[in-house]
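The structure appears below as structure tokens.
In this note's numbering, the protein residues as written are 2 to 140.
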């Protein structure tokens, strides 16, 4: 699910996707939301930014009118920023748009491997620290 963040004082302005006509909507570059915004908010200016934090700062400062992003992420930003709100409408995600990478993706494979190694390293530290504590009890 997606959500659109707007300034709280303008929340009532955005009751349909048509309300974004002529407005600047920030998205994160290279994401599904970028493609959705370009297709579903055709009469808006889609501003592609490299980081979500940058997009949030731009909506707060009025440089853009809204930010389109994933709903759980949007809820987190709204919880941290009382001057922001979720618009009552959002871009629609189709099932076909949910894929993040091809099955044999080098990036995905390496990310998974890195997560596994990090977890194993953490577990080794936990086991090692437990072992050292037991040794100290014995000696």
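Every residue gets a Cβ at the ideal spot worked out from N, C-alpha and C, and that includes glycine.
Here the structure is a predicted model, which means the values were calculated and not measured.
Host beta strand (DSSP E) of residue 29 (start-end): 25-29
Distance CB(residue 88)-CB(residue 7) smaller than 7 Å: yes
Sub-7 Å separation of residue 92 and residue 37 beta-carbons: yes
Residues near residue 2 by beta carbon distance below 6 Å, same chain, minus five either side: 72
Through-space distance from residue 53 to residue 18, alpha-carbon basis: 21 Å
Rounded straight-line distance, which links the Cα of residue 20 to that of residue 46: 13 Å
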